[in-house]
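This report refers to the structure that appears directly beneath it.
2 protein chains.
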Amino acid sequence: MSTHLKKKSHRAATLADVGREAGVSAMAASAVLNGARTSSRTAPETRERILQAAEKLRYRPNAAARALADRCMNTLGVAAVFIGNELNQYFLEVFNGVVEAAAKHDQNTTVFTLHDWEKDAERLPGFCDGRIDGLILIGPTLSRESLSLLPDHTPCVALHSNIPVPKSVNLETDEEHGAFEMVTHLIKAGHRRIMHLSGPRGLTGAERRVEGYRRALSAARIKFDPTLLIEAGFSEDCGARAMNDFMKRSSGRLLPQAIFCANDAIAIGCLEILSHVGLKVPTDLSVVGFDDTLAARTTIPQLTTVRQPLRAMGVKAVEMTLERIKAMRDGTIERTAKNVILPTQLVIRASDGPPPPQDLMIPSR
Amino acid sequence: MSTHLKKKSHRAATLADVGREAGVSAMAASAVLNGARTSSRTAPETRERILQAAEKLRYRPNAAARALADRCMNTLGVAAVFIGNELNQYFLEVFNGVVEAAAKHDQNTTVFTLHDWEKDAERLPGFCDGRIDGLILIGPTLSRESLSLLPDHTPCVALHSNIPVPKSVNLETDEEHGAFEMVTHLIKAGHRRIMHLSGPRGLTGAERRVEGYRRALSAARIKFDPTLLIEAGFSEDCGARAMNDFMKRSSGRLLPQAIFCANDAIAIGCLEILSHVGLKVPTDLSVVGFDDTLAARTTIPQLTTVRQPLRAMGVKAVEMTLERIKAMRDGTIERTAKNVILPTQLVIRASDGPPPPQDLMIPSR
DNA sequence: CTGAAAGCGCTTACAG
DNA sequence: CTGAAAGCGCTTACAG
Chain A
1 MSTHLKKKSH RAATLADVGR EAGVSAMAAS AVLNGARTSS RTAPETRERI
51 LQAAEKLRYR PNAAARALAD RCMNTLGVAA VFIGNELNQY FLEVFNGVVE
101 AAAKHDQNTT VFTLHDWEKD AERLPGFCDG RIDGLILIGP TLSRESLSLL
151 PDHTPCVALH SNIPVPKSVN LETDEEHGAF EMVTHLIKAG HRRIMHLSGP
201 RGLTGAERRV EGYRRALSAA RIKFDPTLLI EAGFSEDCGA RAMNDFMKRS
251 SGRLLPQAIF CANDAIAIGC LEILSHVGLK VPTDLSVVGF DDTLAARTTI
301 PQLTTVRQPL RAMGVKAVEM TLERIKAMRD GTIERTAKNV ILPTQLVIRA
351 SDGPPPPQDL MIPSR
Chain B
366 MSTHLKKKSH RAATLADVGR EAGVSAMAAS AVLNGARTSS RTAPETRERI
416 LQAAEKLRYR PNAAARALAD RCMNTLGVAA VFIGNELNQY FLEVFNGVVE
466 AAAKHDQNTT VFTLHDWEKD AERLPGFCDG RIDGLILIGP TLSRESLSLL
516 PDHTPCVALH SNIPVPKSVN LETDEEHGAF EMVTHLIKAG HRRIMHLSGP
566 RGLTGAERRV EGYRRALSAA RIKFDPTLLI EAGFSEDCGA RAMNDFMKRS
616 SGRLLPQAIF CANDAIAIGC LEILSHVGLK VPTDLSVVGF DDTLAARTTI
666 PQLTTVRQPL RAMGVKAVEM TLERIKAMRD GTIERTAKNV ILPTQLVIRA
716 SDGPPPPQDL MIPSR
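Chains A and B are the protein sequences, given in the same order.
Each residue of the first sequence is one higher than the one before, starting from 1 at the first, in the numbering used here.
Each residue of the second sequence is one higher than the one before, starting from 366 at the first, in the numbering used here.
Laid out in structure tokens, this is it:
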């Protein structure tokens with residue numbers, strides 16, 4: 001065919017090209033190819049011609065042009081931090097859900113990575129520059145001031161935000177209850193001397209788990225022993241370090257019967273140290289985690305933990321973002337924060353059991 | 366001169382707005398705010414005025430408009446499969462590198478998920494519709510026909526493609542050599558009866574590992590025993606199942622001294638089964654993996670494995686994609702496939718050791 | 001049912 | 001050094 005101009009070969013076909021090929025205008029082509037009210041608008045015969053032309057020219061709508069005209073990119077932004085350049089398991093679980101739901105709704109997902117929430121907060125407005133229609137913040141720890149940087153014109157949903165994000169949807173889980181249930185479970189199995197390796201004190205998530213731990217103890221009338229509450233970071237390394245330090249400085253004293261770790265990563269670090277000193281889990285002592293990340297299933301023994309529906313939260317985050325985007329277009333968007341709290345769930349695997357028949361000591365090295 | 370129309374308040378400021386505010390044209394603003402040759406073009410004093418106006422109006426360039434004019438989105442696409450809706454560890458490691466490098470080069474990353482490479486191949490051209498400048502395929506297993514669907518106008522880089530992608534950069538690792546080294550390492554430690562839990566036969570990656578295994582045996586003059594070569598899938602479940610089946614049908618026979626698993630996930634499944642039947646790793650037998658994913662460090666004992674530089678491959682994929690994008694713009698792009706092979710590396714951790722002093726039998730259950 | 005017009009916000013030549 | 005013009009590919013009113 002003579003329609004193939006030289007320069008066209010290196011350019012994607014446009015609506016104008018399709019229209020020309022089909023002998024109609026570009027907007028006719030637009031209506032049948034990309035338009036919403038496709039069917040009503042165009043005569044069936046014309047419609048067919050346009051479809052064929054598009055097929056022949058391998059027409060693909062240009063996303064940028066459409067976005068410019070539409071003010072809609074069909075893409076969702078996801079912001080998260082890289083700790084030491086490493087995406088953590090928590091993020092990955094959530095992201096899994098986000099990607100899954102985004103795909104289902106024909107949305108793209110673009111990932112923005114920060115190194116530090118507070119320091120990089122100023123980059124947030126830049127993400128909302130037209131390339132995304134909504135923004136999902138994963139586990140942000142932003143101050144009230146930084147939060148105010150978020151522009152109004154892009155709907156936002158936050159997961160496990162350290163403080164609720166104003167005018168946004170805040171998705172959380174019932175961490176206090178999850179911790180309570182887990183510690184109660186340990187108590188019912190006969191444990192009394194239960195240690196808690198907490199997350200960084202001051203972080204909402206960490207505090208809630210500490211509260212659940214203490215409430216469970218007090219509900220069972222077990223006296224809270226401050227030497228059994230040890231602060232760690234939310235990583236494997238931190239868990240290992242905290243546990244190691246504890247063992248060193250407490251050698252010769254009574255070994256805790258169970259250790260409730262503030263997340264799975266800490267539990268894994270903890271397991272590692274215990275294995276080094278020859279203590280067996282769960283026969284010598286029980287170790288349990290929190291989160292139910294993939295890693296909880298790859299430890300040996302598999303980790304008893306508190307399931308946070310991270311994947312489902314990712315899915316939900318997408319759905320609520322989409323809702324807000326729609327509401328914003330319709331002008332019906334609410335300007336108030338909305339908090340959604342999802343339940344946690346106890347997952348009993350193999351890393352816990354009854355306490356050993358007699359008290360064990362912390363080995364000295 | 367009603368500068369502040371009502372509708373403007375709910376709209377992001379444009380270059381025209383900034384220009385008006387600064388008393389210059391939109392293109393002047395464009396030049397100083399977004400242009401490349403910024404400094405030379407504008408008088409310092411004008412420049413300052415424009416900058417201030419932009420600041421005042423909180424001007425943010427609109428990505429879609431820029432993309433349309435530029436034909437450049439500053440975003441890279443990443444395509445991968447979800448197996449059973451689950452992103453695997455392999456992907457996550459690579460993705461980590463991709464996101465890291467993309468951030469460094471001020472590129473966005475958008476993720477496209479497929480359920481099955483071959484079935485969803487037809488979706489690939491749709492991704493190249495102007496919203497991405499380059500496409501990275503992670504572990505594609507596409508037929509030659511499907512590969513031909515990839516449009517010419519978007520540069521492509523593939524990682525561990527089952528067959529080299531034509532006209533693209535193909536990043537691989539020296540898997541055969543890695544497998545050879547690992548098995549040789551086991552042989553040097555005294556192992557003779559070495560089992561291989563392979564990946565799906567027919568897949569290039571799986572075959573290369575089998576080849577390395579067999580070459581190492583033959584280099585050490587150990588006769589290849591076909592009953593010790595068992596096919597598994599590349600997942601934990603598959604590894605567990607394959608191992609379980611083997612143990613069942615071989616009960617009472619000699620236990621292998623070492624098991625070389627085709628990836629870490631298989632090794633984890635294998636460890637799980639061994640732990641169930643009460644066999645100790647590495648004292649009763651050694652178990653080693655391949656990949657060095659995060660999971661290799663969370664098993665107990667930590668997994669000895671062959672490190673593939675997955676993260677670095679992600680980084681390299683981004684860099685090479687960017688190179689190709691640039692070359693395409695300059696018209697200097699090569700139309701030939703380019704293969705880059707990265708080295709693997711032995712990582713000795715705690716899941717291997719010398720064979721036990723006497724032969725062990727496979728326990729019957 | 002269909003097309004001509006205007007506009008989305010930005011750029012890149014091109015004049016002055 | 002600076003601005004008027006045209007165009008990127010698509011849409012949404014608006015006429016016919």
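Each residue gets a CB set at the ideal place from its N, CA and C atoms; glycine is no exception.
Bear in mind the structure is a predicted one, so any value in this text is a computation, not a measurement.
Nearest to Ile341 (chain A) by alpha-carbon distance, out of A:Ala258, A:Phe82, A:Ala232 and A:Met313, is A:Met313.
In chain A, no part has a C-beta under 9 Å from the C-beta of Met685 (chain B); the shortest such distance is about 20 Å. In the three-state DSSP reduction, Asn170 (chain A) falls in the strand class (E or B). The C-beta of His518 (chain B) comes closer than 8 Å to at least one C-beta of chain A. Assigned with DSSP and collapsed to three states, Cys261 (chain A) falls in strand. DSSP places Phe127 (chain A) outside any beta strand (DSSP E); the residue lies instead in the alpha helix (DSSP H), whose first and last residues are Leu124 to Phe127.
Sorting B:Leu416, B:Arg376, B:Pro490 and B:Glu483 by C-alpha distance to the C-alpha of Ala393 (chain B) places B:Leu416 at the top. With the rule of 3 Cβ pairs closer than 8 Å, the segment 311 to 330 of chain A counts as touching the segment 91 to 99 of chain A.
Boundaries of the beta strand (DSSP E) harbouring Glu596 (chain B): Leu594 to Glu596, taken from the DSSP string. Under DSSP, Lys703 (chain B) forms a beta bridge with B:Val534. Rounded to whole angstroms, Ala467 (chain B) and Leu644 (chain B) show a C-alpha spacing of 45 Å. Closest by C-alpha distance to Met560 (chain B), out of B:Leu650, B:Ser526 and B:Ala584, is B:Leu650.
Ala660, Thr663, Thr664 and Ile665: these are the residues of the segment 644 to 675 of chain B whose beta carbon lies less than 7 Å from some beta carbon of chain A, given in chain order.
Beta-bridge analysis with DSSP links Met726 (chain B) to B:Leu619.
Taking a C-beta distance under 8 Å as the contact criterion, Ala378 (chain B) and Ala67 (chain A) do not qualify as a contact pair. The contact set of Pro426 (chain B) on chain A, defined by CB atoms closer than 7 Å, consists of Asp129 in chain order. The alpha carbon of Pro164 (chain A) has as its nearest neighbour, out of A:Leu137, A:Ala295 and A:Thr154, the alpha carbon of A:Leu137. In the displayed model, His641 (chain B) falls within a helix according to three-state DSSP. In this structure Thr475 (chain B) touches Thr75 (chain A) by the C-beta definition: roughly 7 Å separates them, less than 8 Å. Contact annotation for Thr440 (chain B) against chain A: Thr110 [CB-CB distance below 7 Å, chain order]. What Val389 (chain B) touches in chain A, judged by beta-carbon distance under 7 Å, is nothing: the nearest beta carbon there is about 22 Å away. In this structure, Phe447 (chain B) lies near Glu100 (chain A), with their beta-carbon atoms less than 8 Å apart.
Spatial neighbours of Asn34 (chain A) in its own chain (CB-CB distance under 6 Å, excluding positions within 5 residues in sequence) are listed in chain order as Pro61.
Given a length threshold of 3 residues, each whole run of the beta strand (DSSP E) inside the segment 507 to 592 of chain B is given here in chain order: 521 to 524, 534 to 538 and 559 to 563.
Taking all protein chains shown into account, Asp590 (chain B) has fewer than 16 neighbouring C-beta atoms within 10 Å of its C-beta and is therefore exposed.
Below the 9 Å Cβ cutoff, chain A contributes Arg58 and Arg60 as neighbours of Pro490 (chain B), in chain order. By the Cβ rule, the segment 174 to 182 of chain A counts as touching the segment 209 to 220 of chain A, because three or more pairs are nearer than 8 Å. Boundaries of the beta strand (DSSP E) around Gln345 (chain A): Gln345 to Val347.
An exposed status is given to Asn704 (chain B), since fewer than 16 other beta-carbon atoms sit within 10 Å of its beta-carbon. Here Leu441 (chain B) carries a strand assignment [DSSP, helix/strand/coil]. Its chain contains Thr173, Asp174, Glu175, His177, Gly178, Val306, Arg307 and Gln308 as the residues whose beta carbon lies nearer than 7 Å to that of Thr344 (chain A), once the 5 sequence neighbours on both sides are disregarded; these appear in chain order. In this structure, Pro166 (chain A) lies away from Leu149 (chain A), with their beta-carbon atoms at least 8 Å apart. Look at Gly134 (chain A) here: in three-state DSSP terms it is strand. Val464 (chain B) reaches chain A at Phe82, Leu87, Val111 and Thr113, counting residues in chain order whose Cβ is nearer than 8 Å.
Chain A places a beta carbon closer than 8 Å to that of Ile633 (chain B), counting this residue as a contact.
Residue pairing for Leu479 (chain B): DSSP places it in a beta bridge opposite B:Val446.
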